[in-house]
Ligand SMILES: [Zn+2]
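Numbering (my numbering), first residue to last: 54 to 311.
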């Protein structure tokens with residue numbers, strides 16, 4: 054897969070491919086950058102009736118390209134290669150931080166880490182667009198695609214209803230079976246980890262996020278039953294990181310079995 058380096062080229066391509074794949078695309082808002090106006094897209098594909106809803110987000114950190122590219126790869130082979138999605142409504146926000154993507158940096162053009170600002174009373178424009186949209190309906194399952202420059206292998210965060218219901222162990226097992234490296238450290242990012250999984254089951258959700266929160270916690274507060282955050286190692290080739298995200302996503306869907 055050829056890496057796309059420009060948010061406008063990326064967004065145009067996503068718009069084209071997603072239409073072919075049967076998604077409706079909406080512009081949540083636009084960000085002014087270098088004299089241009091870059092749209093932040095949301096894609097949706099509905100099934101019949103009251104099906105559960107999955108939301109997949111990527112590109113909130115601009116220097117983590119595997120997530121947005123995994124979305125492209127998913128859309129290119131949709132729906133034929135993804136029968137797992139047949140039973141649910143799918144929503145995708147493919148690139149949350151276009152200016153960070155263009156600048157190859159974690160934060161947006163103003164230097165703000167967007168993934169710490171959900172629920173704040175005065176969020177940056179990118180997050181205000183998302184919050185206005187997310188508040189209209191709840192999602193059942195949320196998946197956030199990230200990368201971590203410090204990690205030697207894949208790991209994930211999961212907010213699960215209980216330990217026995219966690220999807221994480223199945224995801225790790227599928228990745229290991231496919232030959233991908235796993236971060237086996239017992240402490241990752243200062244948190245206790247077990248075989249690549251940082252699991253929370255009873256984390257109290259604050260009533261308000263005065264300073265802002267990560268996206269997963271915000272969606273949990275809005276009613277998501279489960280949230281998952283994947284982290285891939287940027288030291289590996291892009292194709293392999295994309296494959297790790299997609300295999301993890303496929304495993305989530307087979308565990309979920311709505
Ligand atoms: Zn990240």
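C-beta: ideal position from N, C-alpha, C; glycine also.
* Asked: For ligand 2, any of its heavy atoms closer than 7 Å to the Cβ of residue 144?
  -> Ligands present in the displayed structure are limited to ligand 1, and ligand 2 is not among them.
* To do: Give a single yes or no on whether residue 298 has its beta carbon closer than 7 Å to a heavy atom of ligand 1.
  => As a first step, residue 298 must be located in the chain shown, where it is residue number 245. Not one heavy atom of ligand 1 sits closer than 7 Å to the Cβ of residue 298.
* Burial state of residue 197 (16 or more Cβ within 10 Å) -> Reading the chain shown from its first residue, position 144 is the one you call residue 197. Residue burial annotation: residue 197 is buried, with at least 16 other C-beta atoms found within 10 angstroms of its C-beta.
* Asked: Which residue from 209, 107, 60 puts its Cα closest to that of residue 155?
  -> Counted from its first residue, the chain shown places residue 155 at position 102. The shortest Cα separation from residue 155 among 209, 107, 60 belongs to 60.
* **Nearest candidate by alpha-carbon position, reference residue 300, set 170, 178, 64, 127** => In the chain shown, residue 300 corresponds to position 247, counting from 1. Looking at the Cα atoms, 127 is the closest of the given residues.
* In DSSP terms, what residue 95 is bridged to -> Here residue 95 refers to the residue found at position 42 of the chain shown. Residue pairing by DSSP puts residue 95 in a beta bridge opposite 79.
* Leaving aside the five residues before and after residue 231 along the sequence, list all residues of the same chain whose C-beta is less than 7 Å from its C-beta, in chain order. => Counted from its first residue, the chain shown places residue 231 at position 178. Cβ neighbours of residue 231 beyond the five flanking positions: 300.
* Range covered by the beta strand (DSSP E) that runs through residue 285 -> In the chain shown, counting from the first residue as 1, residue 285 sits at position 232. Taken as a continuous stretch (DSSP letters only), the beta strand (DSSP E) holding residue 285 covers 279–285.
* **DSSP three-state assignment for residue 305, whether helix, strand or coil** => What you label residue 305 is simply residue 252 of the chain shown in a count that begins at 1. Correct three-state label for residue 305: helix.
* Grouping DSSP H, G and I as helix and E and B as strand, with all else coil, what is residue 192? -> Mapped onto the chain shown, residue 192 falls at position 139. Correct three-state label for residue 192: coil.
* **Three CB pairs or more closer than 8 Å across the segment 207–216 and the segment 171–190** => Counting Cβ pairs under 8 Å, fewer than three are found: no touch.
* To do: Classify residue 89 as helix, strand or coil using the three-state DSSP reduction.
  => On the chain shown, residue 89 is found 36 positions in, with the first residue counted as 1. Strand.
* To do: Taking only the alpha-carbon atoms, compute the straight-line gap between residue 107 and residue 298 and give it to the nearest angstrom.
  => Locating residue 107 in the chain shown gives position 54, where the first residue counts as 1. Locating residue 298 in the chain shown gives position 245, where the first residue counts as 1. Computed Cα separation, rounded: 15 Å.
* Asked: Just to check, is the beta-carbon of residue 218 closer than 7 Å to a non-hydrogen atom of ligand 1?
  -> One-based indexing of the chain shown puts residue 218 at position 165. Every heavy atom of ligand 1 is 7 Å or more from the Cβ of residue 218, so no.
* DSSP on residue 298, reduced to helix/strand/coil? -> As a first step, residue 298 must be located in the chain shown, where it is residue number 245. Residue 298: helix per DSSP, three-state reduction.
* Could you give the C-beta distance for residue 302 and residue 220, rounded to a whole number, given that I count them as a contact under 8 Å? -> Position 249 of the chain shown, counted from the start, is the residue given in the question as residue 302. Position 167 of the chain shown, counted from the start, is the residue given in the question as residue 220. Taking 8 Å as the upper bound for CB-CB distance, residue 302 and residue 220 are not in contact here, some 11 Å apart.
* To do: Given a cut-off of 8 Å, decide if residue 276 and residue 160 are closer than it, judged by their beta-carbon atoms.
  => Taking the first residue of the chain shown as position 1, residue 160 is located at position 107. Taking the first residue of the chain shown as position 1, residue 276 is located at position 223. For the 8 Å CB-CB criterion, residue 160 and residue 276 do not form a contact.
* Asked: Going along the chain, which residues of its own chain have a beta-carbon closer than 8 Å to the beta-carbon of residue 65, five neighbours each way excluded?
  -> If you number the chain shown from 1, residue 65 lands on position 12. Cβ neighbours of residue 65 within its own chain (closer than 8 Å, five residues either side excluded): none.
* To do: Return yes when the C-beta of residue 137 is under 7 Å from any heavy atom of ligand 1, and no when it is not.
  => Within the chain shown, numbered from 1, the residue matching residue 137 stands at position 84. Outside the cutoff, so no.
* Whether residue 336 touches residue 70 by CB criterion (8 Å) -> With the chain covering only 54 through 311, there is no way to say anything about residue 336.
* Asked: In the structure shown, what three-state DSSP assignment does residue 262 receive?
  -> Working through the chain shown from its first residue, we reach residue 262 at position 209. Looking at residue 262 - three-state DSSP - the assignment turns out to be coil, as it is neither helix nor strand.
* In this structure, does DSSP put residue 143 in helix, strand or coil? -> Here residue 143 refers to the residue found at position 90 when the chain shown is read from its first residue. Note: residue 143 maps to strand in three-state DSSP.
* Asked: With distances taken from CA atoms, which of 264, 242, 204, 292 is nearest residue 286?
  -> Along the chain shown, one-based indexing puts residue 286 at 233. Comparing Cα-Cα distances from residue 286 to each of 264, 242, 204, 292, the minimum goes to 204.
* **Contact set for residue 165: own chain, Cβ-Cβ below 6 Å, skip 5 residues either direction** => Counted from its first residue, the chain shown places residue 165 at position 112. Here residue 165 has 177 as same chain residues with Cβ atoms under 6 Å from its own Cβ, once five neighbours each way along the sequence are excluded.
* For residue 245, which residues of its own chain have a beta-carbon under 8 Å away from its beta-carbon, when the five flanking residues on both sides are left out? -> Position 192 of the chain shown, counting from 1, holds the residue named residue 245. For residue 245, where only same-chain residues beyond five positions count, the Cβ hits under 8 Å are 239, 251.
* To do: Measure from the alpha carbon of residue 67 to the alpha carbon of each residue in 145, 117, 261, then state which is nearest.
  => As a first step, residue 67 must be located in the chain shown, where it is residue number 14. Measuring from the Cα of residue 67, the nearest candidate turns out to be 145.
* By DSSP, does residue 70 sit in helix, in strand, or in coil? -> Counting from one through the chain shown, the residue named residue 70 turns up at place 17. Helix at residue 70.
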